[in-house]
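*Asks:* Quick one: this structure, given as structure tokens, is what I'll be asking you about.
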């Protein structure tokens, strides 16, 4: 009893009007999606863009205010709560529409609304030719709403609302230019693949809920879960620990949302959407939801070492394979997409080895530099009238200096060049991976090297060398407008400087970031720090040097191939008879395999069942009807010749009589009356006498 | 307002009489009259919604009159948490359907007369508490439906109507047998369901089993559960839009309603005995089978019809679980499916009115042509595929949550339908609304005000119930909990009686 | 006091009216004449009713019945005459011996 | 004879009026005369009702029959053939056979009521107005038939209107 009382006290939190953070983007979305078309027709696209951006910025301001409030609280009590209303209360299930704001959500919300606002501003410039700005900004606002709900949700079901809601927005924005079936197909693919993950997520949630209900602690509220999950210890289902099963199912959900093997296939296709969407949803925010969810439930995942190993392995494998695919792509957005998949792999690797804070840290830095890269790419694409093939770019440095500068900074950051944001976060992950398993570290290192290579391949192909732009696009080459470059500059600043939030102790930093997150992930963090056996700083330095060297190697290689041309890309492509190159270029044929195996399988099954339904199930019904009809025909024959024969015979007799009697029918009324009266007389006489 | 249920039931009948005496060529007058007479039950329904006490488990607004004394047949009307949702759904959908029937030009008078009679039948089924009365209303509703499909339907309307009629008639016959068996089984003879429920513990196991199965088949045809479902696609394809809406929105619910109203409390032991195979397994199969069949359809209405089969599977699965989440989810799903599918059929009806065909591959790019329509369509489609925040999600999640406790394997199979449902819904959406604009339909007008009025209230309900499901759950929860308990306790009670 | 006029007197009047009405019905060829005969028959019956009402313990039942009969007679007259008009329109005659077809 | 009491005189006068009127209906050669005779007969019958203490019925008889039916009949006569058209007015057929039949009926019924043993009331009812009693009966025991009667009248009303309206619809 005492323990539960204490639990409740700890979970009390400070009441704070968090609802405005989500309500403002929702209002923007509602206005723009319902009345936006008229607004745009009446007041021009600026109106809808300003409305959308204003809501986003206002939300950001609210987040900052909440963040400041949170910081003012003592470390142990850093929790803001806002219960909007009750939602579902049936039996053991008691779920409220409630929002919670703790250090982890604070980081996420700042990223989402901050970068989100920048991207809103950027979009104003990027979407200048599109007639449906209202829909675009409405969907972006709706996305912010859903994403913030996902992050702020106080329980798993509210989180799930956001979880699927971002899927909806992603669907709507990937297929934004819906008159082209390539885009809508990509949108559907994204939604469906996500749904597979959601299906597992739901099952995981059910299992978790009922397992806890068995121990009398049924809840889906994160704060309470932290105290309830130890009850799962020792429970098994289908020969597996319940904790393991739950976390595995949730992780499948995460692979769907965060594009990990095996459900990563939708993300590269999702590049069909407008570039700001790719930057916001498919790089900086939505795809990191899986990482966030695992960190949010870190106490649960820490109970399942097997799951953690699976996560680490999947993360590392994804990081590596996606990087190999990125090496050979020509489409600049595809390169960035695989890079995103790869970087997400890093994050999973981190959380898999229990380095939750490092995972979130990388999430943060990645949000900056990847958003910047995407927006930079978008700036280029916009300038080139929607040309995305790097083979038809080149030499843009002189035309678009700001874009080039910011792109370069971000590329340096993602490559892990010391001093830039990516260096700190990536190094932290590799260090923790090494502590857990050197093989994982080696894979991560290789991926880091490849990342450096393909990012600089992209930089060199796009901005350096001679200009290969053709047609009249070349004549109009120019730097983008300030609404587009301003976000680039801000993000590049982040890409350069965000790393200093979490400088590791080995480099003399205090790692503010990790400390900030400590209340959320403290248990595991403390445990692992001790497992590391104090601070083997020498080893850390060695590893750091190695990773920097690898990155340098990657950059050097790219330089040699694409600037100096002293090495030929063809040489590398020909290695092993060209098989590795073709595998990489064709993305290991995974799409084709999925398409042929799963999609066709389901479609064939559905056609077969529909055929069975029409011909067998309904056939039986119609057959039964036919049997009845035939037997009724048979009965009809009997009826006709035997039964009806009798009837007809009778009828004939009646007919003859009728013919005779017909003569009585004169049609004269008086005659009838006579008959009537005489009959009455007859009757009465017979009675009277 | 003690007789509110009778008013709700018989006002449409009065409307039918009113339409009957009108000249047949005064179409506008007939339409407005029909609308007025369906609005009355709606207004009463709104009042009822406010007045109904959800915390009471028993019957409310009970009216009890002797009807045919010789056979102890009574006129008993009353609603509890289970039926109130259905009554409200019926009251809501009927005016919408009248509006959706506005452009019927053939035999206007007959159409609206039959429609009003249909509403009386439906209301009666949900309100009647005397089994005989229930049966009468059940049949009353059948007849207009037959004519509405058979006269105002599509090219194969006669086949569809006869199929519907015969199928339902088979169900009715089985129900009649079970009803008479119940009647003759106790002293004093009665059709009073409340009395029959009290007698439940006295029924022998084998009697319960046979009667339960007879009733189940009768109701399963209506749900429709595999393998009795093949009348549904045909009926839907041929029926006019409004009739499809009623068919999917209200009539299908009568099957599951009947099981919950009659099979559960009167035959609790048999319910427990058969719940797994007949409800849970069959329901799960319905979910997956319906979804897969839907995916292969080329006709928009057929697709929606199969999706109905799939969604009704959730209801069966939910009520089989006998958990509070499952059964609440099931009844909520009945309501939500009523609104969502109504929207889907109305949406299909809109394009059908304009293009006169429903071939999924024959359209394309409607989103660019009809933005308002597309917005509402998106709400309906995403509600149908269970997007959180919209109504159907709550009910599906409750059903699946309840089912998980009941049987994990079935739940996993059933839950896999979330992927399939998303698949066929989005695929249809993509083929019809997205993509390059089909030149043939480039000038299709957007929704008219009348069509907007039919769709908008439903969309609002779908949104509101997604955020505030207790608007319905508060009405049904206590009743269903009591029902759950009845069934759960029955085995114990009957065991005690045997000793 | 025993009255000189008894029940039988009234019954006799009723009977005479009835018979004259019957005669009328049987012999008239004019539809309106037939209808008038029917009225006479009904009057005869009514006289009987009222007389029975007076000379029996059944209080006013007979009178009530006669009221109903009058009502029905009026109704019958109205409809009958309307029919006659309608028939006249199609046959240009109201002679019942001319109306021998059931189709208009 | 112990003298003709006023009652007897009045009875025979009224009965005579009724019967003479009826004879006129049956035997008049002109249909208009028949109709007028009918009115006479009705008046006689109404007088008989008064004698039978049935004031209310008498009143109804006057209103409905004399005021309504006869007028209606006259109208019908005029509308169908015009008042001056005497030719096809009131042809009768088979008078002899008809008379025979009627006499047979008369004999039969006369015999019946003469032979009948009528139950006499124990107390001879006082000669007082029975209107109140009729009123009570109509709205008490007989309220349902009374209401049904009103429905019938309504139907008649509508029916008559329909039958007559059709003429204008067709002729125009």
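Chains as they are written, first to last, in my numbering: chain A, 53 to 741; chain B, 144 to 642; chain C, 39 to 142; chain D, -9 to 162.
C-beta atoms are modelled at their ideal positions from N, C-alpha and C, and glycine is treated no differently.
Could you give the first and the last residue of the continuous alpha helix (DSSP H) run that contains residue 571 of chain B?
*Replies:* Within the second chain, the letter at position 428 stands for residue 571 of chain B. Its alpha helix (DSSP H) spans residues 560 to 576.
*Asks:* Report the option in A/615, A/544, A/321 whose CA atom is closest to the CA atom of residue 446 of chain A.
*Replies:* In the first chain, residue 446 of chain A corresponds to position 394, counting from 1. Selected option, being the one with the closest Cα: A/615.
*Asks:* If you run the structure through DSSP and keep just helix, strand and coil, what is residue 147 of chain A?
*Replies:* As a working mapping, residue 147 of chain A is identified with position 95 in the first chain. Strand at residue 147 of chain A.
*Asks:* Sorted by chain position, which residues of the same chain lie with C-beta nearer than 6 Å to residue 194 of chain A's C-beta, five sequence neighbours on each side aside?
*Replies:* Here residue 194 of chain A refers to the residue found at position 142 of the first chain. Taken in chain order, the residues that qualify are 81, 221.
*Asks:* Give every residue of the same chain whose Cβ lies closer than 6 Å to the Cβ of residue 437 of chain B, excluding the five residues on either side of it in the sequence, and list them in chain order.
*Replies:* Residue numbering aside, residue 437 of chain B sits at position 294 when the second chain is read from its first letter. For residue 437 of chain B, where only same-chain residues beyond five positions count, the Cβ hits under 6 Å are 446, 449, 450, 567.
*Asks:* Mapping DSSP to helix, strand and coil, what is residue 347 of chain B?
*Replies:* Locating residue 347 of chain B in the second chain gives position 204, counting from the first residue. Three-state result, residue 347 of chain B: coil.
*Asks:* Mind checking if residue 729 of chain A is an interface residue toward chain C, Cβ cutoff 9 Å exclusive?
*Replies:* Position 677 of the first chain, counted from the first residue, corresponds to residue 729 of chain A. At least one chain C Cβ lies under 9 Å of residue 729 of chain A.
*Asks:* Looking at residue 429 of chain A and residue 384 of chain A, is the spacing between their C-beta atoms short of 9 Å?
*Replies:* Within the first chain, the letter at position 332 stands for residue 384 of chain A. Within the first chain, the letter at position 377 stands for residue 429 of chain A. Cβ atoms of residue 384 of chain A and residue 429 of chain A: closer than 9 Å.
*Asks:* Under 9 Å between C-beta atoms, does residue 89 of chain D make it to chain A?
*Replies:* If you number the fourth chain from 1, residue 89 of chain D lands on position 99. No, its Cβ sits nowhere closer than 9 Å to a Cβ of chain A.
*Asks:* At a Cβ threshold of 9 Å, is residue 60 of chain D touching chain A?
*Replies:* By one-based count along the fourth chain, residue 60 of chain D stands at place 70. It does not: the Cβ of residue 60 of chain D has no partner Cβ on chain A nearer than 9 Å.
*Asks:* Assign residue 617 of chain A to one of two classes, buried (16 or more other C-beta atoms within 10 Å of its C-beta) or exposed (fewer than that).
*Replies:* Position 565 of the first chain, counting from 1, holds the residue named residue 617 of chain A. Looking at its Cβ environment, which holds fewer than 16 other Cβ atoms inside 10 Å, residue 617 of chain A is exposed.
*Asks:* Would DSSP call residue 128 of chain C helix, strand or coil?
*Replies:* Against the third chain, residue 128 of chain C aligns to sequence position 90. Residue 128 of chain C: helix per DSSP, three-state reduction.
*Asks:* Against chain B, which members of the region 184 to 195 of chain A pass a CB distance test of less than 7 Å?
*Replies:* Listed in sequence order: no entries.
*Asks:* Is the region 154 to 174 of chain A in contact with the region 114 to 123 of chain A, if contact means three or more CB pairs nearer than 8 Å?
*Replies:* Yes, the region 154 to 174 of chain A is in contact with the region 114 to 123 of chain A.
*Asks:* What are the residues in the region 66 to 94 of chain C lying within 8 Å of chain D by C-beta distance?
*Replies:* Per Cβ criterion, the list reads 66, 67, 68, 70, 71, 73, 74, 75, 77, 78, 81, 84, 85, 88, 89, 91, 92, 93, 94.
*Asks:* For residue 511 of chain A versus residue 459 of chain A, is the C-beta spacing smaller than 9 Å?
*Replies:* The residue given as residue 511 of chain A occupies position 459 in the first chain. The residue given as residue 459 of chain A occupies position 407 in the first chain. Yes; because the gap between Cβ atoms is below 9 Å, this pair is in contact.
*Asks:* Along the chain, where does the beta strand (DSSP E) that runs through residue 337 of chain B open and close?
*Replies:* Residue 337 of chain B sits at position 194 when you count from the first residue of the second chain. No beta strand (DSSP E) contains residue 337 of chain B, which is instead part of the alpha helix (DSSP H) from 336 to 342.
*Asks:* Going straight from the alpha carbon of residue 189 of chain B to that of residue 231 of chain B, what length do you get?
*Replies:* On the second chain, residue 189 of chain B is found 46 positions in, with the first residue counted as 1. On the second chain, residue 231 of chain B is found 88 positions in, with the first residue counted as 1. Taking the straight line joining both Cα atoms gives about 8 Å.
*Asks:* Please compile the residues from chain A whose C-beta is within a distance smaller than 7 Å of the C-beta of residue 128 of chain D.
*Replies:* The count along the fourth chain starts at 1 and reaches residue 128 of chain D at position 138. The contacting residues do not exist; residue 128 of chain D stays about 31 Å from chain A at best.
*Asks:* Name the residues in the region 131 to 146 of chain D whose C-beta lies less than 7 Å from a C-beta of chain C; which are they?
*Replies:* If the cut-off is 7 Å between Cβ atoms, the region 131 to 146 of chain D has 132, 135, 139, 142, 143, 146 near chain C.
*Asks:* State the beta-bridge partners of residue 218 of chain B as determined by DSSP.
*Replies:* For the purposes of this step, residue 218 of chain B is identified with residue 75 of the second chain, where counting begins at 1. Per DSSP, B/208.
*Asks:* Starting from residue 137 of chain A, follow its DSSP beta bridges and name the residues at the other end.
*Replies:* Within the first chain, the letter at position 85 stands for residue 137 of chain A. For residue 137 of chain A, which the question treats as bridged, DSSP gives the partners A/149.
*Asks:* Whole angstroms is fine: what's the gap from residue 22 of chain A's alpha carbon to residue 619 of chain B's?
*Replies:* Residue 22 of chain A lies beyond the residue range present for chain A, which begins at 53 and ends at 741; the question has no answer from this structure.
*Asks:* Does any residue of chain A bring its CB to less than 9 Å from the CB of residue 63 of chain C?
*Replies:* Walking along the third chain from the start, residue 63 of chain C turns up at place 25. Closer than 9 Å: yes.
*Asks:* Looking at residue 274 of chain B: is its Cβ nearer than 9 Å to the Cβ of residue 405 of chain B?
*Replies:* Numbered from its first residue, the second chain carries residue 274 of chain B at position 131. Numbered from its first residue, the second chain carries residue 405 of chain B at position 262. Yes. Within cutoff.
*Asks:* Tell me which residue opens and which closes the alpha helix (DSSP H) that residue 312 of chain A is part of.
*Replies:* If you number the first chain from 1, residue 312 of chain A lands on position 260. Unbroken run through residue 312 of chain A: none, as it is neither H nor E.
*Asks:* Can you confirm whether the region 433 to 450 of chain A touches the region 562 to 573 of chain A when touching is taken to mean that 3 or more C-beta pairs between the two stretches lie within less than 8 Å?
*Replies:* They do not touch, by the three-pair rule.
*Asks:* Distance check for residue 122 of chain C and residue 94 of chain D, CA to CA, integer angstroms please.
*Replies:* Working through the fourth chain from its first residue, we reach residue 94 of chain D at position 104. Working through the third chain from its first residue, we reach residue 122 of chain C at position 84. Looking at the two C-alpha atoms, the distance is approximately 30 Å.
*Asks:* With a threshold of 8 Å, are at least 3 pairs of Cβ atoms found where one atom belongs to the region 138 to 145 of chain A and the other to the region 71 to 91 of chain A?
*Replies:* No, they do not touch.
*Asks:* Indicate whether at least one CB of chain C lies closer than 9 Å to the CB of residue 3 of chain D.
*Replies:* Working through the fourth chain from its first residue, we reach residue 3 of chain D at position 13. Not closer than 9 Å to any Cβ of chain C, the Cβ of residue 3 of chain D fails to qualify, so no.
*Asks:* In chain order, what residues of the same chain have a beta carbon less than 7 Å from the beta carbon of residue 140 of chain C, not counting five sequence neighbours either side?
*Replies:* Translated into the one-based positions of the third chain, residue 140 of chain C becomes position 102. Note that residue 140 of chain C scores a pLDDT of 49, beneath 50, so its modelled location is shaky; the value from the coordinates is reported in the next line. Correct list: empty, nothing qualifies.
*Asks:* Mind pulling the chain A residues with CB within less than 7 Å of residue 94 of chain D?
*Replies:* Counting from one through the fourth chain, the residue named residue 94 of chain D turns up at place 104. Those are 733, listed as they occur along chain A.
*Asks:* In angstroms with no decimal places, state the Cα-to-Cα distance between residue 97 of chain D and residue 58 of chain C.
*Replies:* Translated into the one-based positions of the fourth chain, residue 97 of chain D becomes position 107. Translated into the one-based positions of the third chain, residue 58 of chain C becomes position 20. Cα to Cα, residue 97 of chain D sits roughly 13 Å from residue 58 of chain C.
*Asks:* Can the beta-carbon of residue 122 of chain A be found less than 9 Å from the beta-carbon of residue 71 of chain A?
*Replies:* Here residue 122 of chain A refers to the residue found at position 70 when the first chain is read from its first residue. Here residue 71 of chain A refers to the residue found at position 19 when the first chain is read from its first residue. No, the Cβ-Cβ distance between residue 122 of chain A and residue 71 of chain A is not below 9 Å.
*Asks:* Do residue 475 of chain B and the ligand MG come close, with the Cβ less than 8 Å from some heavy atom?
*Replies:* The ligand MG is not among the ligands present in this structure, which contains no ligands whatsoever.
*Asks:* Just to confirm, are residue 181 of chain B and residue 248 of chain B a CB contact at a threshold of 9 Å?
*Replies:* Mapped onto the second chain, residue 181 of chain B falls at position 38. Mapped onto the second chain, residue 248 of chain B falls at position 105. Against a cut-off of 9 Å, the Cβ pair of residue 248 of chain B and residue 181 of chain B comes out as no contact.
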